[in-house]
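S.K.: Protein chains in written order, with this note's numbering: chain A, 119 to 263; chain B, 119 to 263.
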DNA sequence: CTAAAAGTTCAAGTGAGCTTGAAGTCAAGA
DNA sequence: TCTTGACTTCAAGCTCACTTGAACTTTTAG
């Protein structure tokens, strides 16, 4: 296979639809060169970048947040393994926070809903400023008397 | 406070916007009686129902899925603590699955992106049919050579 | 050489989960 | 009584993350 990949090659290798790749490029998350015809030509490192996007989404980051992370990579040279691991190391903490929230939720399911307390004092759900926990809408707190 | 709650009372106690409460009622997730004026009057147990909705959303269920769960509650009587805990008990497993996925992701971050393998064989990310993991879009697999 | 497959742009559509606005009614306090 | 403020419905709008369609060009296989 050639050095430069077509959009369908990248799509097949990444599992990301070509339309999504164009969308990501429009958002500045990935970039491509162009063949004389105007067709996109992706360099191989884009695959790692896409992998990162996919991972990050599943962790729960928005594309905007992902863009901020990707902007930390060096622009002048191909990112090294070290660059990537620096980016991702800060995420372990975020994942851990999300896991902790899920465990609070799990406890809350039985302790709060199951038993009927639903009180702010006893409920472990209160964590208003937890940015990582922003999985979907819904209130940030729960109040009863 | 009265037995029956106005929409703004419910909103304040639940942390859920009045517009969202109307929306939930439209979707059949909660219900209300009406005052002679046409204004909504909520019975207190609606608070627990809303709590359940909020929990479920943060776990990652869609409103449709939540509706299915709520439909399992007895229609003829106020749900007991037992009814609620039966509903929520099945969710512990779902939460555990999600936690497991997050831990796979965490491992993947350093092992796959950090090191550069990105291979399907070695990558722990492959879990195509994991319904709980459907947090946002993105591909269900990752393929490289 | 030709037909089909693959690529392009740009605008509009989708679905989830709400929010906002318009236009009007009802309730509570001075 | 008057005037806020809370409430109603209904339709339209919004954000996110894409997808789809139209109209067109380029590449590739036979």
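The beta carbon of each residue, even a glycine, is placed where N, CA and C say it ideally should be.
1. Count the other CB atoms within 10 Å of the CB of residue 180 (chain B); is the residue buried (16 or more) or exposed (fewer)?
2. Taking residue 129 (chain B) as the reference, which of B:175, B:139, B:204 has the closest Cα?
3. Flag this pair as touching only if the segment 186 to 195 of chain A and the segment 157 to 166 of chain A have three or more C-beta atom pairs under 8 Å; answer yes or no.
4. Does the Cβ-Cβ distance between residue 177 (chain A) and residue 145 (chain A) come in under 9 Å?
5. For residue 196 (chain A), is the classification buried or exposed, using 16 other Cβ atoms within 10 angstroms of its Cβ as the cut-off for buried?
6. Quick one: is residue 161 (chain B) near chain A, going by C-beta distance under 9 Å?
7. Closest to residue 225 (chain B) by C-alpha separation, out of A:218, A:210, A:219, A:150, would be which residue?
8. Can you give the Cα-Cα distance for residue 133 (chain A) and residue 169 (chain A), rounded to whole angstroms?
9. Suppose you measure from the CA of residue 254 (chain A) to the CA of residue 152 (chain A); what does that come to, to the nearest Å?
10. For residue 161 (chain B), report the span of its beta strand (DSSP E) as first-last.
11. Using a C-beta to C-beta distance shorter than 9 Å, which residues of chain A count as neighbours of residue 213 (chain B)?
12. Once DSSP output is grouped into helix, strand and coil, what is the label at residue 152 (chain B)?
13. Within 10 angstroms of the Cβ of residue 199 (chain B), are there 16 or more other Cβ atoms? Answer buried if so, exposed if not.
14. Taking C-beta pairs closer than 7 Å, name the residues in chain A that residue 111 (chain B) reaches, listed in chain order.
15. So, residue 131 (chain B) versus residue 148 (chain B), is the Cβ gap smaller than 9 Å?
16. What residues from the segment 139 to 150 of chain B come within 9 Å of chain A, judged by C-beta to C-beta, listed N to C?
17. For chain B, is any of its Cβ atoms less than 9 Å away from the one on residue 125 (chain A)?
18. Who are the neighbours of residue 137 (chain A) on chain B, taking C-beta pairs under 9 Å?
M.R.: The relevant details are as follows:
1. Position 62 of the second chain, counting from 1, holds the residue named residue 180 (chain B). By the neighbour-count criterion, in which a residue is buried when 16 or more other Cβ atoms sit within 10 angstroms of its Cβ, residue 180 (chain B) is exposed.
2. Stepping through the second chain from its first residue, residue 129 (chain B) is reached at position 11. Nearest of B:175, B:139, B:204 to residue 129 (chain B), Cα basis: B:139.
3. Taking 8 Å as the limit for Cβ pairs, the verdict is that the segment 157 to 166 of chain A does not touch the segment 186 to 195 of chain A.
4. Stepping through the first chain from its first residue, residue 177 (chain A) is reached at position 59. Stepping through the first chain from its first residue, residue 145 (chain A) is reached at position 27. Going by C-beta atoms, residue 177 (chain A) is not nearer than 9 Å to residue 145 (chain A).
5. By 1-based counting over the first chain, the position of residue 196 (chain A) is 78. With fewer than 16 other Cβ atoms within 10 Å, it is exposed.
6. The residue you call residue 161 (chain B) lines up with position 43 of the second chain. No, residue 161 (chain B) does not count as interfacial toward chain A.
7. Here residue 225 (chain B) refers to the residue found at position 107 when the second chain is read from its first residue. Closest in C-alpha terms to residue 225 (chain B), from the list A:218, A:210, A:219, A:150, comes A:210.
8. As a position in the first chain, residue 133 (chain A) is number 15, starting the count at 1. As a position in the first chain, residue 169 (chain A) is number 51, starting the count at 1. Taking the straight line from one Cα to the other gives about 10 Å.
9. Position 136 of the first chain, counted from the first residue, corresponds to residue 254 (chain A). Position 34 of the first chain, counted from the first residue, corresponds to residue 152 (chain A). Summary for residue 254 (chain A): the model assigns pLDDT 39, below 50, so the residue's position carries little reliability, and this model does not support an answer.
10. Taking the second chain and counting its residues from 1, the one referred to as residue 161 (chain B) is at position 43. That run of the beta strand (DSSP E) goes 158 to 161.
11. Counting from one through the second chain, the residue named residue 213 (chain B) turns up at place 95. Contact note: residue 213 (chain B) reaches chain A through 220, 221, 223, 224, 227, using a C-beta cutoff of 9 Å and chain order.
12. As a first step, residue 152 (chain B) is located in the second chain; it is residue number 34 there, counting from the start. Three-state DSSP puts residue 152 (chain B) in a strand.
13. Within the second chain, the letter at position 81 stands for residue 199 (chain B). By the neighbour-count rule (16 or more Cβ atoms within 10 Å), residue 199 (chain B) is not buried but exposed.
14. Since the first residue of chain B shown is 119 and the last is 263, residue 111 (chain B) is not available in this structure.
15. Numbered from its first residue, the second chain carries residue 131 (chain B) at position 13. Numbered from its first residue, the second chain carries residue 148 (chain B) at position 30. Judged by beta-carbon spacing, residue 148 (chain B) lies beyond the 9 Å limit of residue 131 (chain B), meaning their Cβ atoms are not closer than that value.
16. Under the 9 Å Cβ criterion, the segment 139 to 150 of chain B contributes no residue.
17. Along the first chain, read from residue 1 onward, the residue named residue 125 (chain A) stands at position 7. Not closer than 9 Å to any Cβ of chain B, the Cβ of residue 125 (chain A) fails to qualify, so no.
18. On the first chain, residue 137 (chain A) is found 19 positions in, with the first residue counted as 1. Residues of chain B passing the Cβ test: none, with the nearest at roughly 12 Å.
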